[in-house]
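> At position 149 of the sequence shown the residue is numbered 149 (the UniProt record's numbering), and the sequence of numbers has no breaks. Just so you know, even glycine gets a beta-carbon here, dropped at the ideal spot from N, CA and C.
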Amino acid sequence: MKVKYRRNLPAVFLGMHPSKSKLVQRWLNVMTTHGFGTRSVQHMELVEVSIVPNVDEPTRQEARVVLEMTVTQDTTNSSGKMHGACIVHLVDICTTLPTAAMSFASGGSGSVGVSQSINVVYHAPASLGDKLRLINTSTAMGTRTWNGRIEIWDVTHHRLVASGTQVKMEASSSSSSTSKL
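(1) Scan the UniProt domain "Thioesterase" (80-157) and note each continuous beta strand (DSSP E) run of 3 residues or more that stays entirely inside, going in chain order.
(2) Distance, Cα to Cα, H43 vs R60?
(3) Excluding five sequence neighbours on each side, which residues of the same chain lie with their C-beta closer than 6 angstroms to the C-beta of V66?
(4) Between the Cα of I150 and the Cα atoms of T156, H158, H83 and V167, which residue gives the shortest distance?
(5) In terms of alpha-carbon separation, which member of T137, D154 and E62 lies closest to G148?
(6) Report the three-state DSSP secondary structure of T76 (helix, strand or coil).
(7) How many Å lie between residue 184 and L160 at the Cα?
(8) Quick one: is S106 buried, meaning 16 or more other Cβ sit within 10 Å of its Cβ, or exposed?
(9) Assuming V155 and V120 are in contact, meaning their beta carbons sit under 8 angstroms apart, how far apart are those beta carbons, in whole angstroms?
(10) State the start and end residues of the unbroken beta strand (DSSP E) segment that holds R64.
(11) My understanding is that T70 touches K131, with C-beta atoms under 8 angstroms, so please give their C-beta distance in whole angstroms.
(12) According to the neighbour-count rule (16 or more other Cβ atoms, all chains shown, within 10 Å of its Cβ), is A100 buried or exposed?
(13) Answer with buried or exposed for residue 182, where buried requires no fewer than 16 other C-beta atoms within 10 angstroms of its C-beta.
(14) Take E170 and list the residues in its own chain whose beta-carbon comes closer than 6 angstroms to its own, dropping the five residues that flank it on each side.
Next up, the structure:
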């Protein structure tokens with residue numbers, strides 16, 4: 001399974017060298033072909049990767065990563081609507097990409113860390129066959145934690161399906177797996 005992406009990548013790779021943008025594609029490929037939930041996210045298409053000034057604070061940079069996908073049988077519940085757990089999985093994967101893009105753009109390794117918290121608000125259902133646009137941005141990049149947000153739009157019905165945020169942190173380097181409780 002490989003992530004589908006446009007052969008002629010859009011010109012919206014602002015602020016990033018094309019080779020760095022390809023690294024974001026590679027992370028997406030890893031996250032959608034290995035481990036949990038791969039069947040539900042394998043059809044995502046990378047549409048945009050950009051590093052641009054933040055609209056509200058132009059002295060700060062933010063990454064924007066846009067993906068598109070169609071609601072498939074693998075993503076739905078028994079009512080034919082996208083399952084809430086699938087949406088949480090999308091928030092986890094997709095909000096990771098802009099933080100990786102910011103890291104790559106600044107010469108970092110693109111480390112994606114581990115989830116510290118994920119918050120989701122459900123706004124409207126998405127049905128089998130609906131086309132979705134997943135708009136992800138970095139919100140804060142610190143040395144210990146970084147944050148991303150997502151809006152999942154139903155392009156078919158022109159409505160917001162869900163929005164979410166994620167806080168990520170570097171994985172512990174502790175060699176002990178024993179609880180200290």
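In short, the structure shows the following:
(1) Correct list: 114-122, 131-141 and 145-154.
(2) The alpha-carbon atoms of H43 and R60 are separated by roughly 32 angstroms.
(3) When the five nearest sequence neighbours on each side are left out, the beta carbons in the same chain lying within less than 6 angstroms of the beta carbon of V66 are those of V47, E48 and I135, in order along the chain.
(4) I150 has its Cα closest to that of V167, out of T156, H158, H83 and V167.
(5) Considering only alpha carbons, the answer is T137.
(6) In this structure, T76 counts as strand in the three-state DSSP scheme.
(7) The requested residue 184 does not occur in the structure, where the chain is confined to residues 1 to 181.
(8) A residue is called buried once 16 or more other Cβ atoms fall within 10 Å of its Cβ, and S106, having fewer, is exposed.
(9) No, V155 and V120 are not in contact; Cβ-Cβ is about 20 angstroms, not under 8 angstroms.
(10) Taken as a continuous stretch (DSSP letters only), the beta strand (DSSP E) holding R64 covers Q61 to T70.
(11) Taking C-beta atoms under 8 angstroms as the contact rule, T70 and K131 qualify, at a distance of about 5 angstroms.
(12) Classification for A100: buried.
(13) Residue 182 lies beyond the range of the chain shown here (1 to 181); nothing can be said about it.
(14) Excluding residues within five positions, the ones whose Cβ falls inside 6 angstroms are G113.
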